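Undergrad: Residue numbers (this note's numbering): 4 to 511.
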Ligand code: FAD
Ligand code: DLZ
């Protein structure tokens with residue numbers, strides 16, 4: 004073969020991928036590799052492994068149907084070396100291409116491996132930028148350079164201007180950049196969230212599900228009920244379903260949580276976006292069109308677009324700007340092992356039961372569950388960053404380090420000391436009670452901060468504030484809790500801290 008070997012990783016399943024630019028179907032071969040190394044670097048939820056492998060097989064099949072030569076290495080191929088690098092070496096030995104072309108991976112770990120390919124292969128290796136984002140890494144670097152603070156809101160406004168999304172001329176549509184003040188409602192009585200569209204496994208997915216059940220059935224997470232989109236056609240149908248049925252109330256209930264409601268008005272599009280089955284521009288454009296055509300209100304559409312054009316692009320930029328040092332930060336010196344309840348162990352807390360239970364069933368929890376329930380708990384309890392990061396990376400079907408790490412490390416547990424968030428997202432049980440109905444049926448009493456039935460979020464919150472009072476002293480955004488701490492009766496604080504110590508000791 005005198006053509007080019009074009010490498011496509013498992014989360015690069017887009018026809019427009021830069022590695023495929025200039026593809027010559029008469030001479031080139033596209034390589035996809037199912038490898039144990041990627042399936043095992045954390046104990047992924049079985050649905051996540053099945054999703055990636057099935058989507059890879061569907062992508063290969065669609066390329067092959069279009070007349071492209073594809074070398075698809077299956078996980079159970081007898082000669083599979085188990086690593087991406089090993090499989091690229093094996094493909095080069097077998098096909099003897101003139102060059103290798105790939106696209107930047109989504110994880111530092113993989114980028115390090117790929118940097119060694121040219122030497123290992125003795126061939127020209129071109130690694131192209133990943134053009135499937137709305138903000139290039141070069142643009143982000145430029146935006147960040149010289150800024151003291153890298154706040155998402157300012158980045159987002161620049162992105163609105165640069166893309167023209169939700170803009171009327173040079174002004175934000177509706178006269179405001181952000182409609183978040185309208186987006187903090189509890190689920191109203193009688194409102195029934197429409198279930199998201201799920202997709203029945205076809206023959207390819209069914210075969211993958213059997214393989215995953217056999218090899219990864221012992222991992223945390225259930226495989227039954229798998230219904231994720233595995234092709235672009237399915238992902239586009241999921242997008243259309245969201246735009247019609249859930250986008251109109253997405254804003255109102257974005258922060259809500261409710262018993263028995265796993266998905267509320269959320270999009271469930273992160274798996275498709277992160278695999279490359281959907282592109283962020285088309286998703287934002289579909290939402291904007293819904294608003295311009297009067298099918299969804301601006302608070303919903305702006306709130307949704309901000310998640311993708313703002314947060315998603317911002318966390319990616321931050322990840323690549325700050326890695327590799329970012330992963331090792333531990334601003335609050337947190338060192339507790341991850342409690343067993345995160346892996347399905349018993350807990351008496353209704354909110355944790357709901358968030359972790361649906362994670363096990365679906366490989367999905369929405370943002371507020373990840374941030375304000377499981378994230379908040381590990382922040383307050385002082386769980387070691389490496390342990391909680393590993394959990395988030397493993398248990399969600401949409402998890403890749405470029406998006407998971409800044410969200411966990413920067414937003415949920417403040418391990419980065421404020422690079423991302425100006426203050427920790429720490430909250431007592433009152434927040435969960437305000438945004439959900441979990442506390443109503445909980446064994447714990449959300450109004451109590453001491454005593455046998457006290458809500459752990461209450462005493463853990465004050466223990467956390469007291470533990471880090473000195474560190475937070477200079478942060479104006481922490482002035483209110485610190486003032487309240489100072490005014491608190493010392494006996495009450497001591498009782499709460501004692502409660503916290505006893506509770507934390509039981510977690511081990
Ligand atoms: P919706 O709430 O409907 O939002 C729409 C889209 O906006 C999402 O599909 C997603 O692409 C994007 N989005 C929303 N919030 C964020 C955010 N904070 N960062 C990046 N993109 C965002 N998201 C991941 O894609 N992968 C992860 O591994 C991941 N880990 C997280 C870990 C923690 C601790 C937290 C707090 C958040 C994490 N998120 C992660 C962000 C967010 O929770 C998920 O993107 C979202 O829950 C996915 O569900 P959805 O598609 O229904 O999102
Ligand atoms: C997540 C994942 C899994 C489970 N399996 C594979 C695989 O077998 N082959 C592959 O190319 N990619 C896989 N992935 C996605 C990779 O881990 C992902 O490409 C890197 O983490 C970079 O984002």
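Positions of the beta carbon are idealized from the N, C-alpha and C atoms, including for glycine. On a predicted model such as this, the values are computed, not experimentally measured, just so you know.
Per DSSP, residue 128 forms a beta bridge with which residues?
TA: 103.
Undergrad: Three Cβ pairs or more, each shorter than 8 Å: is that satisfied between the region 304-324 and the region 386-399?
TA: Short answer: they don't touch.
Undergrad: Put residue 82 into one of helix, strand or coil per three-state DSSP.
TA: Coil.
Undergrad: Report the residue from 108, 123, 116 whose alpha carbon sits nearest the alpha carbon of residue 102.
TA: Closest by alpha carbon: 123.
Undergrad: DSSP on residue 36, reduced to helix/strand/coil?
TA: Three-state result, residue 36: strand.
Undergrad: Pull up the distance between the alpha-carbon of residue 316 and that of residue 375, whole angstroms please.
TA: So the two alpha carbons sit approximately 22 Å from each other.
Undergrad: What is the chain-ordered set of residues for which the beta carbon lies under 5 Å from any non-hydrogen atom of the ligand DLZ?
TA: Cβ atoms closer than 5 Å to the ligand DLZ belong to 12, 13, 14, 37, 38, 41, 42, 52, 55, 108, 109, 110, 113, 403.
Undergrad: Hey, which unbroken runs of the alpha helix (DSSP H) at 4 residues or more fall wholly within the region 188-227?
TA: Segments of the alpha helix (DSSP H) lying fully in the region 188-227: 206-219.
Undergrad: Output yes or no for whether 8 Å exceeds the beta carbon distance between residue 514 and residue 364.
TA: This structure does not reach residue 514, given that the chain is present from 4 up to 511, and the question cannot be answered.
Undergrad: Within 10 angstroms of its Cβ, does residue 474 collect 16 or more other Cβ (buried), or is it exposed?
TA: By the neighbour-count rule (16 or more Cβ atoms within 10 Å), residue 474 is not buried but exposed.
Undergrad: Taking just the CA atoms, how far does residue 230 sit from residue 291?
TA: Roughly 27 Å separates the two Cα atoms.
Undergrad: For a test of the three-state rule: what should DSSP assign to residue 412, helix, strand or coil?
TA: Residue 412 falls in the helix class under three-state DSSP.
Undergrad: What whole-angstrom Cβ distance do residue 9 and residue 33 have, given they're in contact under 8 Å?
TA: With 8 Å as the limit, residue 9 and residue 33 qualify as a contact, their Cβ atoms being about 5 Å apart.
Undergrad: Based on DSSP bridge pairs, tell me the residues matched to residue 8.
TA: Paired residues: 32, 103.
Undergrad: Could you give the uninterrupted runs of the alpha helix (DSSP H) lying entirely in the region 126-160, keeping only those of 4 residues or more?
TA: Entirely contained in the region 126-160, the alpha helix (DSSP H) runs reaching 4 residues are, in chain order, 140-147.
Undergrad: Closest to residue 255 by C-alpha separation, out of 232, 301, 239, would be which residue?
TA: When only C-alpha atoms are compared, the closest one is 301.
Undergrad: If we call anything under 8 Å between Cβ atoms a contact, is residue 471 one with residue 459?
TA: The answer is no: Cβ separation not under 8 Å.
Undergrad: Tell whether a beta-carbon distance below 8 Å holds between residue 287 and residue 140.
TA: Taking 8 Å as the Cβ cut-off, residue 287 and residue 140 do not qualify as a contacting pair.
Undergrad: Rounding to the nearest angstrom, what Cα-Cα distance links residue 27 and residue 93 in this structure?
TA: Each residue's Cα considered, the two are about 22 Å apart.
Undergrad: Any idea what DSSP makes of residue 438, helix, strand or coil?
TA: Of the three classes helix, strand and coil, the one that applies to residue 438 here is helix, per DSSP.
Undergrad: If you measure from the CB of residue 307, is any heavy atom of the ligand FAD nearer than 7 Å?
TA: The answer is yes for residue 307.
Undergrad: Tell me the residue span of the alpha helix (DSSP H) that contains residue 456.
TA: Counting along the chain, residue 456 falls outside any alpha helix (DSSP H), and DSSP gives it neither H nor E.
Undergrad: According to DSSP, what are the bridge partners of residue 175?
TA: Its beta-bridge partners are 170.
Undergrad: Take the Cβ of residue 423 as the centre, count every other Cβ of all protein chains shown within 10 Å, and call the residue buried at 16 or more, exposed below.
TA: Answer is buried; the Cβ neighbour count reaches 16.
Undergrad: Is the CB-CB distance between residue 261 and residue 381 below 8 Å?
TA: No, these two residues do not count as a Cβ contact at 8 Å.
Undergrad: Closer than 6 Å by C-beta to residue 566: which residues in its own chain qualify, once you throw out the five before and the five after it? Chain order, please.
TA: Outside the shown range of the chain, which is 4 to 511, sits residue 566, and nothing can be said about it.
Undergrad: At which residues does the beta strand (DSSP E) containing residue 315 begin and terminate?
TA: Note, residue 315: premise wrong, no beta strand (DSSP E); not H, not E.
Undergrad: Go ahead and label residue 236 buried or exposed: buried means 16 or more other beta carbons lie within 10 angstroms of its beta carbon, across all protein chains shown.
TA: It is exposed - the Cβ of residue 236 has fewer than 16 other Cβ atoms within 10 Å.
Undergrad: Please report the straight-line C-alpha distance between residue 465 and residue 384, rounded to a whole angstrom.
TA: Residue 465 and residue 384: Cα-Cα distance of roughly 11 Å.
Undergrad: Taking DSSP as the reference, what is the three-state secondary structure of residue 448?
TA: Three-state result, residue 448: strand.
Undergrad: In angstroms with no decimal places, state the Cα-to-Cα distance between residue 156 and residue 49.
TA: Answer to the nearest angstrom: the Cα atoms are 35 Å apart.
Undergrad: Give me the DSSP bridge partner(s) of residue 261.
TA: Answer by DSSP bridge pairing, in chain order: 264.
Undergrad: Residue 46 to residue 354, Cα distance in whole Å?
TA: Roughly 24 Å between the two C-alpha positions.
Undergrad: Measure how close the beta-carbons of residue 373 and residue 415 come, nearest whole angstrom, since I'm counting them as under 8 Å.
TA: Confirmed, Cβ separation roughly 7 Å.
Undergrad: Pull up the DSSP beta-bridge partners for residue 73, would you.
TA: DSSP lists 33 as partners of residue 73.
Undergrad: Using the rule of at least 16 other Cβ atoms within 10 Å of the residue's Cβ for burial, across every protein chain shown, is residue 15 buried or exposed?
TA: It counts as buried.
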